[in-house]
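Inspection log for the structure reproduced underneath, given as structure tokens.
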Ligand SMILES: Cc1cc2nc3c(=O)[nH]c(=O)nc-3n(C[C@H](O)[C@H](O)[C@H](O)COP(=O)(O)OP(=O)(O)OC[C@H]3O[C@@H](n4cnc5c(N)ncnc54)[C@H](O)[C@@H]3O)c2cc1C
Ligand code: SF4
Ligand code: SF4
Ligand code: SF4
């Protein structure tokens with residue numbers, strides 16, 4: 001069988017996820033042997049035309065041009081994989097979906113007239129069909145390799161749908177929320193990172209986004225019981241994955257009732 | 263050289279002499295694992311001697327809350343169980359079952375794990391001994407004894423401790439699994455003010471105790487230990503009424519309380535991960551990029567996890583209500599039918615370590631109190 | 636990494652380690668469904684291997700995974716291990732890509748069989764929905780081998796559409812052995828002249844004698860619910876209704892915990908259970 005053709009595309013993002021791919025030094029040789037890296041501007045200037053078997057797409061969609069470019073990428077992709085929080089949920093830049101983008105534009109750019117953006121920062125899935133997601137900010141190199149290995153051997157790639165807590169307890173870390181009262185998004189966040197933050201005595205920031213059916217409301221209530229203001233709770237959900245549906249809803253709920261109570 | 267105490271001996275040793283026992287265990291090739299302070303809690307980890315124990319420490323435990331506190335100065339074991347259970351050493355959270363390698367004819371199977379480590383588990387409490395006895399049934403008495411568990415279990419030395427300081431979420435007196443260690447240990451300690459009483463539970467235990475300057479415990483010391491244990495039994499932070507189980511829960515599978523607790527439960531799986539008896543697992547397949555080598559890896563799983571109950575066509579327990587009900591009815595009802603005992607040994611870990619402060623004793627009481635619907 | 640290679644045959648030391656087997660033949664049955672006959676590589680093991688109707692094997696492909704698949708062949712011919720597989724996920728799709736001669740891992744048999752010996756002398760109603768006919772086919776073969784030992788036998792088969800009906804080419808032989816085969820489809824097409832409607836409806840035309848009839852059913856749980864309802868309505872006793880249940884399964888030896896159904900581990904106590912035992916849970920939603 002011919003080696004599957006891999007392409008890597010980037011939209012509005014910081015390159016961090018692509019770097020995870022470049023970071024696979026030990027595996028890069030095996031990877032280059034297993035797939036044909038046909039398009040990956042970050043790594044090589046060679047850019048072969050599509051179609052591609054697997055396309056990893058980093059970044060969110062923020063302009064009309066990006067919408068069109070993404071649709072073209074979709075046409076070239078057998079399997080389109082959104083990689084990273086920007087691609088799967090809009091990323092940190094989606095925070096502007098709660099703000100006045102025009103005001104930002106006027107504040108940041110000397111000639112704001114040249115800047116044309118969508119009214120909202122969009123995850124890829126808002127624009128095209130996404131076949132699979134690798135979560136995280138940045139993605140986990142281990143998950144990326146596992147994903148590619150799965151595709152290569154013909155195993156259905158499956159990312160965990162369960163909480164970071166599961167990973168946290170598997171590695172034997174102590175719950176920061178229970179032992180130190182530190183708010184932690186672990187109970188509603190999808191596993192995959194290996195529970196890095198709790199293992200270093202910090203609360204989870206939710207960079208892998210919401211797990212399947214997260215009970216965000218109950219966790220927010222618990223943060224309040226631990227002494228957080230509702231505004232702080234809203235901000236906890238409005239992080240890297242603010243625009244992911246369950247986090248967005250929780251953020252709105254706690255922000256709104258703050259106003260109602262105030 | 264001290265004489266070897268006969269089985270069943272109640273001996274006494276000066277507290278520092280515990281190091282002699284630990285030293286003997288190390289010399290016998292055991293890796294010592296015991297309680298120590300780390301990350302704001304009393305966890306299990308590798309220790310070398312008394313100096314690594316949480317000497318003078320204790321912990322406050324409440325639903326969803328754990329705080330380290332200074333306890334009685336000099337006390338070696340003045341605390342109840344922490345987040346870790348012996349489970350993680352006998353049934354590790356991740357284990358490679360076996361590997362495969364591609365061959366001309368298909369594939370060959372290679373062993374997964376090297377030799378099992380030999381652990382001496384220090385400070386194991388009565389509830390955890392009961393939990394080990396339960397996991398023995400799960401892993402060893404089933405249709406196919408689990409070789410990973412068996413290797414670790416048979417190699418293990420259990421140095422138990424009678425609980426004189428039950429925690430705020432303990433209820434082993436209700437489940438009749440503590441606070442006294444009655445069986446299943448090699449040595450069991452009771453910590454009095456000046457001495458450690460040591461009960462010899464096995465030949466291996468006797469051999470290790472012989473390394474220390476032991477003498478028979480006095481009648482006075484034994485009476486004090488008995489009294490301290492009786493007092494501890496009366497100071498449990500929780501109680502649980504276990505009458506009428508399992509039928510009580512079978513009759514109330516539609517109780518409205520399941521819905522109420524589901525509103526608070528995060529389905530995060532912490533309770534099952536910290537529980538010393540929970541055994542559920544997933545098996546994950548991995549392969550290298552060439553597909554030449556692959557492995558089957560077993561990891562702890564939980565009935566709270568979304569993937570746990572999928573079949574083609576959907577999830578059979580699609581919501582938190584169904585999952586919490588599975589967890590509680592398994593622990594307190596179906597377990598009895600499966601293994602002849604409760605699946606709960608009253609250690610209180612799931613109460614303390616639930617980030618949502620859900621307390622199974624409270625949930626059972628509510629279900630018991632309410633009328634069946 | 637230097638490790639001594641241990642072949643999977645003779646009998647693997649690890650209980651979860653599969654035995655080497657080879658695909659012998661593939662027979663397409665319906666869209667997405669085919670019957671695969673495997674043969675154990677080790678002749679000694681092959682000679683020793685025996686199963687009973689209703690039991691299943693765990694089928695394994697390296698790097699892909701493992702899943703439970705019922706034996707669908709004649710237990711009287713245990714050298715020929717047929718499995719009728721619907722390609723729905725990781726392993727089953729990979730099985731669908733296999734060619735005769737390809738290697739596969741297999742361990743088993745596991746699970747409780749249909750109680751065919753205890754049912755001698757009885758009238759039987761077998762009710763299958765979709766792929767649920769696969770674990771019932773060994774019962775049919777058993778009945779054919781021991782036909783005089785049983786009373787009236789009716790086999791109700793349901794499929795979504797005519798093309799989904801399994802083992803159609805064998806119905807004639809089954810009928811010849813005095814097994815009344817009654818098929819129905821949820822949706823007819825232009826070729827279909829038979830019954831239309833869900834399987835439990837076929838019960839309306841049956842007049843079973845409740846004292847001597849037993850019901851054996853396998854299919855979607857919703858279908859089995861109605862089957863139980865119809866059977867109870869005809870006063871067939873609870874302990875004469877047998878269901879084959881499906882749950883997610885990772886080990887098949889009652890340690891992974893996934894297949895729990897109330898107090899039962901479906902890999903060991905099931906998949907076949909009599910209704911009187913499962914009733915308290917069967918009626919509870921999302922249990
Ligand atoms: C006792 C028994 C006997 C059986 N007999 C047969 C038989 O004879 N023939 C037959 O065809 N089948 C049979 N089955 C069913 C078969 O075992 C399952 O369909 C099995 O899951 C197939 O494995 P797979 O790897 O192909 O699918 P999987 O990859 O496990 O996928 C199965 C389904 O679950 C979904 N899924 C998988 N993983 C997840 C996840 N993490 N989260 C959410 N959804 C997920 C998939 O999308 C798919 O719909 C039997 C099952 C049992 C328990
Ligand atoms: S009971 Fe508590 S620990 Fe258990 S899943 Fe629910 S929230 Fe998590
Ligand atoms: S159910 Fe809770 S209290 Fe009971 S043994 Fe498990 S963790 Fe301990
Ligand atoms: S309570 Fe849940 S995780 Fe624990 S043993 Fe039972 S089914 Fe498994």
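Chains as they are written, first to last, in my numbering: chain U, 1 to 262; chain B, 263 to 635; chain F, 636 to 922.
Beta carbons: idealized from backbone N, C-alpha and C, even for Gly.
From a predicted model like this one, the values you see are computed outputs, not experimental measurements.
Proximal residues to residue i (C-beta, below 7 Å), its chain only, five neighbours per side dropped
{"i": "residue 617/F", "result": "Absent from the structure is residue 617/F, since the part of chain F shown begins at 636 and ends at 922."}
{"i": "residue 904/F", "result": "747"}
{"i": "residue 659/F", "result": "672, 673, 674 and 735"}
{"i": "residue 744/F", "result": "686, 690, 691, 692 and 706"}
Chain-order list of residues whose beta-carbon lies under 6 Å from that of residue i (same chain, five-residue window excluded)
{"i": "residue 685/F", "result": "713"}
{"i": "residue 851/F", "result": "749, 761 and 877"}
{"i": "residue 708/F", "result": "715 and 717"}
{"i": "residue 42/U", "result": "18"}
{"i": "residue 16/U", "result": "138"}
{"i": "residue 40/U", "result": "8"}
{"i": "residue 86/U", "result": "13, 59 and 60"}
{"i": "residue 184/U", "result": "176, 177, 203 and 204"}
{"i": "residue 729/F", "result": "696 and 699"}
Under 8 Å by beta carbon: chain F residues contacting residue i
{"i": "residue 517/B", "result": "Correct list: empty, because the minimum Cβ distance to chain F is about 11 Å."}
Residue i vs residue j beta-carbon contact at 9 Å
{"i": "residue 691/F", "j": "residue 887/F", "result": "yes"}
{"i": "residue 775/F", "j": "residue 790/F", "result": "yes"}
{"i": "residue 719/F", "j": "residue 656/F", "result": "no"}
{"i": "residue 420/B", "j": "residue 402/B", "result": "no"}
{"i": "residue 198/U", "j": "residue 529/B", "result": "no"}
{"i": "residue 52/U", "j": "residue 3/U", "result": "no"}
{"i": "residue 498/B", "j": "residue 606/B", "result": "no"}
{"i": "residue 346/B", "j": "residue 461/B", "result": "no"}
{"i": "residue 309/B", "j": "residue 338/B", "result": "no"}
{"i": "residue 434/B", "j": "residue 392/B", "result": "yes"}
{"i": "residue 542/B", "j": "residue 534/B", "result": "yes"}
{"i": "residue 324/B", "j": "residue 614/B", "result": "yes"}
{"i": "residue 565/B", "j": "residue 600/B", "result": "no"}
{"i": "residue 740/F", "j": "residue 680/F", "result": "no"}
{"i": "residue 721/F", "j": "residue 792/F", "result": "no"}
{"i": "residue 227/B", "j": "residue 386/B", "result": "Since the displayed chain B opens at 263 and closes at 635, residue 227/B lies outside it and no answer follows."}
{"i": "residue 410/B", "j": "residue 375/B", "result": "yes"}
Buried versus exposed, by CB contacts within 10 Å (16 or more), residue i
{"i": "residue 243/U", "result": "buried"}
{"i": "residue 20/U", "result": "buried"}
{"i": "residue 71/U", "result": "exposed"}
{"i": "residue 66/U", "result": "buried"}
{"i": "residue 799/F", "result": "buried"}
{"i": "residue 341/B", "result": "buried"}
{"i": "residue 256/U", "result": "exposed"}
{"i": "residue 783/F", "result": "exposed"}
{"i": "residue 305/B", "result": "buried"}
Listed by chain order, chain U residues near residue i by CB distance under 9 Å
{"i": "residue 358/B", "result": "Ordered by position in chain U, no residue passes the 9 Å Cβ test against residue 358/B, which lies about 14 Å from the chain."}
{"i": "residue 535/B", "result": "165, 166, 168, 169 and 170"}
Neighbourhood of residue i by C-beta distance below 8 Å, restricted to the same chain and skipping five residues each side
{"i": "residue 84/U", "result": "13, 16, 17, 58, 59, 91, 134, 135, 136, 137, 138 and 139"}
{"i": "residue 860/F", "result": "917"}
{"i": "residue 633/B", "result": "For residue 633/B, the predicted structure reports a pLDDT of 49, less than 50, and the residue's modelled location is therefore unreliable. A value from the coordinates is still provided. Excluding sequence neighbours, residue 633/B sits near nothing in its chain."}
Contact belief for residue i with residue j at Cβ below 8 Å, rounded distance in angstroms
{"i": "residue 441/B", "j": "residue 479/B", "result": "Not a contact, Cβ separation roughly 18 Å."}
{"i": "residue 625/B", "j": "residue 523/B", "result": "6 Å"}
{"i": "residue 299/B", "j": "residue 316/B", "result": "5 Å"}
{"i": "residue 797/F", "j": "residue 823/F", "result": "7 Å"}
{"i": "residue 619/B", "j": "residue 477/B", "result": "That belief does not hold up - the Cβ atoms of residue 619/B and residue 477/B are roughly 47 Å apart, past 8 Å."}
Chain F residues whose Cβ lies nearer than 7 Å to that of residue i
{"i": "residue 156/U", "result": "724 and 725"}
{"i": "residue 153/U", "result": "698 and 699"}
Residues that residue i contacts on chain U, provided the C-beta gap is smaller than 7 Å
{"i": "residue 729/F", "result": "154"}
Chain B contact residues for residue i, given Cβ-Cβ distances below 8 Å
{"i": "residue 886/F", "result": "543 and 545"}
Cross-chain neighbours of residue i in chain B, by beta carbon under 9 Å
{"i": "residue 135/U", "result": "Near residue 135/U there are no residues of chain B at all, since even the closest Cβ is about 15 Å away, more than 9 Å."}
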